[in-house]
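Take a look at the structure set out below.
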Amino acid sequence: MGLFKRNPFGHILFIKKWLIRILGAMTHRRYRGFNELQIEGSEIIKTLPDTNVLFISNHQTYFADVVAMFHVFNASLSGRQDTIKNIGYLWQPKMNIYYVAAKETMQAGLLPRILAYVGAITVERTWRSKGVDVTEKRDVNPNDTENIRIALEDGWVITFPQGTTKSFKPVRKGTAHIIKQHKPIVIPIVIDGFRRSFDKKGLRMKKKNILQSFIIKEPLEIDYENDTIEQIVEKVEYAIEQHPSFLKVIPAEEIKAQEELNKMRRWDY
């Protein structure tokens with residue numbers, strides 16, 4: 001590529017590539033070393049087209065979730081299946097991966113601004129400001145939806161439809177509108193263990209030896225013409241396992257059995 005070639009958002013790709021390499025090398029041991037990232041379904045990544053793919057996921061930290069996705073996607077594209085072993089996959093990373101993030105989060109300090117250069121599509125949240133829900137919702141900024149369209153036309157987009165790191169919060173209808181309007185291939189991802197591994201921002205290690213799970217599911221079946229916004233929202237909630245039906249009291253015996261299974265999975269991994 002030319003030294004000063006830029007992506008549609010004006011970011012110099014040479015700089016972006018080196019940021020991905022450096023930040024990837026700095027964070028790799030957080031997912032393979034201090035903690036273990038157990039991946040399922042990475043073979044799906046290699047079957048996807050180069051553009052118009054939307055990844056939807058539940059959200060546990062501001063930054064650690066999306067950093068893990070950059071690792072998993074690039075490792076999978078380099079031929080690794082369900083592993084991020086050997087960070088050589090970072091040498092030629094996929095350059096057209098973007099992620100949707102709150103503008104106020106990405107402007108809060110130098111490191112978030114650097115992470116934003118790697119691929120953030122910053123949006124102004126209409127329902128939340130400075131970590132607090134607002135009673136009077138603001139109008140959607142048309143530039144935000146336009147930037148998501150541009151990113152989908154250029155490559156892959158990661159979004160967290162709940163717009164918050166809190167579990168079982170409602171999926172925002174904006175994601176459904178994007179799906180219905182732009183008709184992307186929608187890939188659900190379900191993550192776990194990140195909230196226990198990292199602080200809320202996902203920058204500081206909180207605890208070691210945590211099993212982090214990362215499950216990539218088959219593309220979501222959507223009738224782009226006939227499904228309503230409400231139907232798409234419900235499909236997204238089920239796909240990322242954040243539908244209210246998943247919120248239930250789990251018997252103590254089942255929790256204990258799950259913990260034993262996690263131990264076995266860790267040793268198997």
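Our numbering puts the first residue of the sequence shown at 1, with every later residue one more than the last.
Beta carbons: idealized from backbone N, C-alpha and C, even for Gly.
Everything numeric in this text was worked out from a predicted model, so none of it was measured.
Buried/exposed call for residue i, threshold 16 Cβ in 10 Å
i      : result
Gln107 : exposed
Asp65  : buried
Thr228 : exposed
Ile97  : buried
Glu146 : exposed
Residue i and residue j closer than 8 Å at C-beta
i      : j      : result
Ile185 : Pro219 : yes
Ile240 : Ile44  : no
Val171 : Val100 : no
Ile12  : Arg6   : yes
Where residue i falls: helix, strand or coil (DSSP)
i      : result
Asp154 : helix
Ala239 : helix
Ser76  : helix
Asp50  : coil
Ala108 : coil
Phe63  : coil
Met205 : strand
Leu115 : helix
Thr159 : strand
Tyr269 : Annotation note: pLDDT 45 at Tyr269 (below 50); position unreliable, coordinate value reported separately. Coil.
Val171 : coil
Arg32  : strand
Arg21  : helix
Ile148 : helix
Per DSSP, the bridge partner or partners of residue i
i      : result
Thr228 : Thr228 pairs with nothing; no bridge assigned.
Ala120 : Tyr99
Asp192 : Ser213
Gln38  : Ser213
Sufficient close CB pairs (3 or more, under 8 Å) joining the region 68–82 to the region 31–48:
yes
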